[in-house]
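The sequence shown begins at 0 in numbering that gives the first Met the number 0 and counts up by one.
Note that CB positions come from ideal geometry on N, CA and C, so glycine has one too.
These numbers were taken from a predicted model, which means no experiment stands behind them.
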Amino acid sequence: MMKHYTKIILGCVTLSTLALSAYIAIPNDPVFNNLDQSVKPGDDFFKYANGGWLKRNPIPAAYSSWGIGNVVSEELRDRLKKINEDALAANAPKGTTTQKIGDFYFTGLDTVNIEKSAIAPLKTQLALIDQANDITGILNAAAVLTTTGTRNMIGSRVSQDAKNSSKMMLQLGQAGLGLPNRDYYFKTDARTVKIRADYTTNHLPAMLRLTGYDEQQAKTGAESIYKIEKFLADSSRKLEKLRDPYANYHKMPIAQLNALTPNINWNTVFKTLELKPIDTVIVGQPEYYRALNTALKTFSADEWKAYLRWKLISSYSPYLNNAADQESFRFGGKVISGRKEQLPRWKRVLDTENGLMGEALGQLFVKEYFPVTAKLRYTEMVEAIRQAYREHIAKLDWMTPETKQKALAKLNAIHPKVGYPDKWKDFSTLVMDRESYAGNVMRARHWAYMVNINKLGKPVDHTEWGMTPQTYNASYSPSNNEITLPAAQFTIPGVKDSEVDDAVAYGYVAASTIGHEITHGFDDEGRQFDAKGNLKTWWTPTDSVKFTKRATMLADQFSSYVVLDSLHVNGKATLGENIADLGGIVLGIDAFKKTKQYKEDKQINGLSPMQRFFLGYALGWLGQERDEALANQILTDVHAPGFLRVNGPFSDVPEFYEAFHIKKGDKMWLDPGKRVRIW
């Protein structure tokens, strides 16, 4: 990896607190150029690593946050824009992928027709809601809306049985809220109270008026909606409570479900949901459905109609006329996320298209932008991390041989999906035309819904990807015991993959992505699934207690961090991600120590290989958020803010202290006895 660098002798250079002499210099260095050398690495490593870039790159008005993920996404959007413009001009035969891409893009940009149509694309659904005069009618309307992607009080999906991962089952989970999560209905801090007031006084009435309600109907309807949602929120579980897979697993026959909710005839609901006949369902949160059962009797049909109209208009407002689109953005974009303005229309259309038919774009994307050499590099990196993990497990002093053997079996069984699918989704039955943007979105949502429910009773398709190649993200599936690593996740803006040295690549990809996702198989939630992806106890009781003790230390560490105003990180809710971050770092370090670059120990731009590793990891979390978005993240997200995903776990890693000469008294210093070590 070093052959493309030029060795230059520059004499003595001061880098932060380190005086360094001869080194290799490269101008387009993805980590050195981001440094803020006015910050001590031991006081705030995130700012030291990324502060230079953050100062030069304030958050644009159209965004609630701005960082490396956004920059990568901008590059991706430019590439996808060309693919769409080519499809638009191709006049391709009907039914081809190119025709579908071109027609979707056309309708999304056809603002004249969108404005003229107003809310006409929703007239069939609105009429259905208007006809619902009793509980049966309300449930029927809700089920029909579900089939075209309008989320409401019925939270249904088809996915793997947690205790029998080879079987696809119907699952019911808590749903139905309009604010980001249940805490928004009950917290009394000034920020949340202000959001709640805007929601009830301004946003809900405005959205109902767009559906055809007059002023008084909108005011009364908004009050009804909020009462229904707060009633459901009161029986909805908190973020951290949703992380316990056993507590959120209740398999029951349909007869038992009907007995749980006597006001709901689930056989009828499931038929309207277009499901095949089923005899068993998995309910995540039974108390939510008991509350829904009560709510259907407590609130009148007119109140439920207002609720369903709101759910429908909020679901489709970004694809309707300007009035609906702007009010949706005013509340969701400005009030909740702190954004100042909308993205340009072409970007919003591309983002929608990516979410609905991303693999159709992905096939064209990887042909042009993801070389085979990159796929090979990161496939080999997966195995380097896996080997490091084997060695870590073997050396653990707190785990018994019995559990180690099963942990190794699970580790060896993890299946990596790297870059892009070997088998692409079939979009042949998806119909796209140039008539209506909202109509195209509705058909695409129904198509995706049918793809999901048609999995019921069929074997699990392990070739299917849950992400597109052009997604800047990655994932671990406990039921499949697999990691998914899309091509875009390996991208560093402005630098070709072949130009990225191993130190940076091992920090940026091996630690923060590959090691992170593999460790999810052994975090507080993932560890409860076995090698075949089944929710099953495979730890000895003693080992489980020891793990929990170490995990609790990490939860307490993160709960101590104050992020904004009086808002602390929720250490319990973010525990899985924090375990994965720490695990990824220590695995990445050991895998990197086996590389040629680490062994040669040459400096690049005055930075040692290990320093570059930590900077590479920090690069993966480069970014900043508006206060509104940060507050929302603390309440709704299982991920800690990016700066703490660097500073938090680094404080637990001995190599970090050595690489940057961190001393007692530095702000990031933790006494050795307080440093968490799990994997």
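- For Asp160, the secondary structure class from DSSP, reduced to helix, strand or coil, is strand.
- Ser497 counts as exposed, since fewer than 16 other C-beta atoms from the protein chains shown sit within 10 angstroms of its C-beta.
- Per DSSP, Glu624 is one residue of the beta strand (DSSP E) stretching across 622-624.
- Per the coordinates, the alpha-carbon of Arg208 lies some 16 Å from the alpha-carbon of Pro120.
- When rounded, the separation of the alpha-carbon atoms in Asp182 and Ser165 is 35 Å.
- Annotated three-state conformation of Gln130 is coil, per DSSP.
- Within a 10 Å sphere around the beta-carbon of Val381 sit 16 or more other beta-carbons, which makes this residue buried.
- Residue Ser607 holds the alpha-carbon nearest to the alpha-carbon of Phe659 among His461, Ser607, Phe642.
- Fully contained in the region 539-616 are the following beta strand (DSSP E) runs of length 3 or more, in chain order: 561-563.
- In the structure shown, Thr279 falls within a strand segment according to DSSP collapsed to helix, strand and coil.
- Rounded to whole angstroms, the gap between the alpha carbons of Asp670 and Ser559 is 15 Å.
- Between Ala437 and Leu319, the C-beta spacing is below 8 Å.
- In the displayed model, Met466 falls within coil according to three-state DSSP, outside both helix and strand.
- DSSP links Gln170 through a beta bridge to Arg156, Ile281.
- If you look at Glu481, you'll find it in the beta strand (DSSP E) that goes 481-485.
- Here Met380 carries a helix assignment [DSSP, helix/strand/coil].
- Here Thr402 really is in contact with Asp542; their C-beta atoms are around 4 Å apart, less than 8 Å.
- For Met441, the three-state secondary structure derived from DSSP is helix.
- Under a 10 Å Cβ-count criterion, Thr149 is classified as buried, with 16 or more other Cβ atoms of the shown protein chains found around its own Cβ.
- The C-alpha of Leu125 is placed about 50 Å away from the C-alpha of Gln556.
- Relative to Asn646, the option among Lys598, Arg625, Ile677, Leu614 whose CA is nearest is Leu614.
- DSSP places Val268 in the helix class (H, G or I) of the three-state scheme.
- The residue from Met552, Val585, Asp501, Gly622 with its alpha-carbon nearest to that of Thr594 is Asp501.
- Listed in chain order, the non-local C-beta contacts of Phe330 below 8 Å within the same chain comprise Asp197, Tyr198, Asn201, His202, local neighbours out to five positions each way being set aside.
- In the DSSP annotation of this structure, His638 is not part of any beta strand (DSSP E), being labelled neither H nor E.
- Minimum Cα-Cα distance from Thr96 among the listed residues Asn292, Leu410, Gln325, Gly357 corresponds to Gly357.
- Of the candidates Gln404, Phe31, Ala61, Pro59, Phe31 places its Cα closest to the Cα of Tyr47.
- In its chain, beyond the 5 residues on either side, Phe45 have a beta carbon closer than 6 Å to the beta carbon of Phe642.
- No residue range can be given for Lys663, since it is assigned to no beta strand (DSSP E) and is classified by DSSP as neither H nor E.
- Here the alpha carbon of Lys424 sits roughly 19 Å from the alpha carbon of Leu349.
- Here the C-alpha atom of Ala161 lies approximately 23 Å from the C-alpha atom of Asn266.
- Here Val70 has Pro492 as same chain residues with Cβ atoms under 6 Å from its own Cβ, once five neighbours each way along the sequence are excluded.
- Apart from the 5 residues on each side of it in sequence, Val499 sits with its Cβ closer than 7 Å to the Cβ of Pro29, Ile491 in its chain, given in chain order.
- Per the C-alpha coordinates, the member of Thr539, Pro540, Gly520 positioned closest to Lys531 is Gly520.
- For Val417, the enclosing beta strand (DSSP E) stretches over residues 414-418.
- Counting C-beta atoms within 10 angstroms of its own C-beta, Glu390 has fewer than 16 neighbours from the protein chains shown and is therefore classed as exposed.
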